[in-house]
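Let me begin by presenting the structure, written as structure tokens, before commenting on it.
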Amino acid sequence: MGREPCRGGGEVAARPVVRTRGACAGRSWRTRDRPAASRAKHRKGRMALYALGISTSPREGGNTDLLLREALAGAREAGARAEYLSLRGLAIAPCSECNACARTGLCRIEDDYQAVMARMLEADRLIFATPIFFMAVSAQAKLLIDRCQCLWSRKYVLKQPLLAEPRDRRGMVIAVGGSKSRKMFQCVRLTMKYWFDAIGCVYAASLFINGVDGRGEVVKHGAALAAARRLGRALASADLPPPKEPETVELPGGEPAAG
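In this text, residue positions in the sequence shown follow this note's numbering: the first is 6, and each later residue adds one.
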């Protein structure tokens, strides 16, 4: 067997793979609207930032999607080239804990995760949007997060760079759920803190909305939509230095519960 390049730098021995086939697997999806190697120039002559928004909601056109699209609109206002990507319909298998990535820095499961990961690493700004299910991220979100173990291994086990050249990369999370509990976002905060670190992003902002459950109900919540757009705009503003702590906006959709 030959050798193949490692995206993190250097080479790794070719390894056996596990293939899963999904509705969106294949060349057409993997090459559609891929970020160009030469990014569009910013109107002031600088390279435009690439902002990628990932929706992990199983419900199309729901509150998670609407907030994410508002944040991406804000990023466009700041001059970024923004792209929306949904995990709905993609074949992303769960991490099998085979530990192959601890030796190679690569995930041995071949499915749609590989293309999503490539876009994530290309992005200068990443907006991760999830509904809250049982006080945690969605199942679709957790599949993607766990598969990023290969990036954690590349960074912390193999001590390899994630990118060919270091870049200022920042991440933001949007989470929305029906519960009115103030404790609803505790798990998401920790998950995002360690996930953004593993994928090489500064955790820059959070938008948490509770008490919003019905499909599209957030359109009645003007403050939430405005906050999403403002945070997206700030995230994509290249002139702003990365924050030491994530800016967090937490808004109740109704009267917050005591616990």
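Just so it is clear, CB atoms sit at the ideal spot from N, CA and C, and this is done for glycine as well.
Residue environment, L168, which counts as buried when at least 16 other CB atoms sit within 10 Å:
exposed
Measure from the alpha carbon of A284 to the alpha carbon of each residue in I204, E252, P248 and P251, then state which is nearest.
Since the first residue of the chain shown is 6 and the last is 264, residue 284 is not available in this structure.
Taking 7 Å as the limit between beta carbons, can you name the residues of its chain near A83, skipping five residues before and five after?
R238, A241 and S242
Coarse secondary structure for T36, derived from DSSP in three states
Any reading at T36 is ruled out, since the residue's pLDDT is 31, under 50, leaving its predicted position unreliable.
Rank K147, S211 and E222 by C-alpha distance to the C-alpha of A98 and give the top, closest one.
K147
Between A141 and the rest of its own chain, which residues show a CB-CB distance below 8 Å, the 5 nearest in sequence each way excluded?
Its chain contains K147, C192, V193 and T196 as the residues whose beta carbon lies nearer than 8 Å to that of A141, once the 5 sequence neighbours on both sides are disregarded; these appear in chain order.
Per DSSP, what kind of secondary structure is I97 in: helix, strand or coil?
coil
For A180: DSSP bridge partner residues
T135 and F213
From P247, S60, E255 and K160, pick the residue whose C-alpha is nearest to that of Q145; which is it?
S60
Short Cβ contact (8 Å threshold) for A120 with R113:
no
Between D218, M122, V224 and A210, which lies nearest to E255 when the distance is taken from Cα to Cα?
Between E255 and the set D218, M122, V224 and A210, the nearest pair of CA atoms involves A210.
Measuring CB to CB, does R174 end up less than 8 Å from V207?
yes
First and last residue of the uninterrupted alpha helix (DSSP H) at V121
Y118 to E127
Which of the three DSSP states is assigned to P257 in this structure?
strand
Excluding the 5 residues preceding and the 5 following R152 in the sequence, name in chain order all residues of the same chain whose CB lies nearer than 7 Å to its CB.
I97, C100, C112 and Y118
Within 10 Å of its beta-carbon, does F139 have 16 or more other beta-carbons around it, so buried, or fewer, so exposed?
exposed
Quick one: measure Cβ to Cβ for E75 and R234, integer angstroms, because I've assumed they're closer than 8 Å.
5 Å
With distances taken from CA atoms, which of K160, Y161 and T135 is nearest L149?
Closest by alpha carbon: T135.
Those residues which DSSP pairs with G58 across a bridge
Bridge partners of G58: Y89 and I132.
To the nearest angstrom, report how far apart E170 and R108 are at their CA atoms.
Cα-Cα distance, rounded: 22 Å.
Continuous alpha helix (DSSP H) stretch holding Y199: start and end:
Going by DSSP, Y199 is part of the alpha helix (DSSP H) stretching over Q191 to A203.
Which of helix, strand or coil DSSP assigns to A41:
For A41, the pLDDT reaches just 40, beneath the cut-off of 50, and the residue's location in the model is therefore unreliable, although a value from the coordinates is still provided. Of the three classes helix, strand and coil, the one that applies to A41 here is coil, per DSSP.
Classify Y55: buried if its beta carbon has 16 or more other beta carbons within 10 angstroms, exposed otherwise.
Buried, since its Cβ has 16 or more Cβ neighbours within 10 Å.
Would you mind sorting W200 into buried or exposed? The rule is 16 or more other CB atoms within 10 Å of its CB.
Result: buried.
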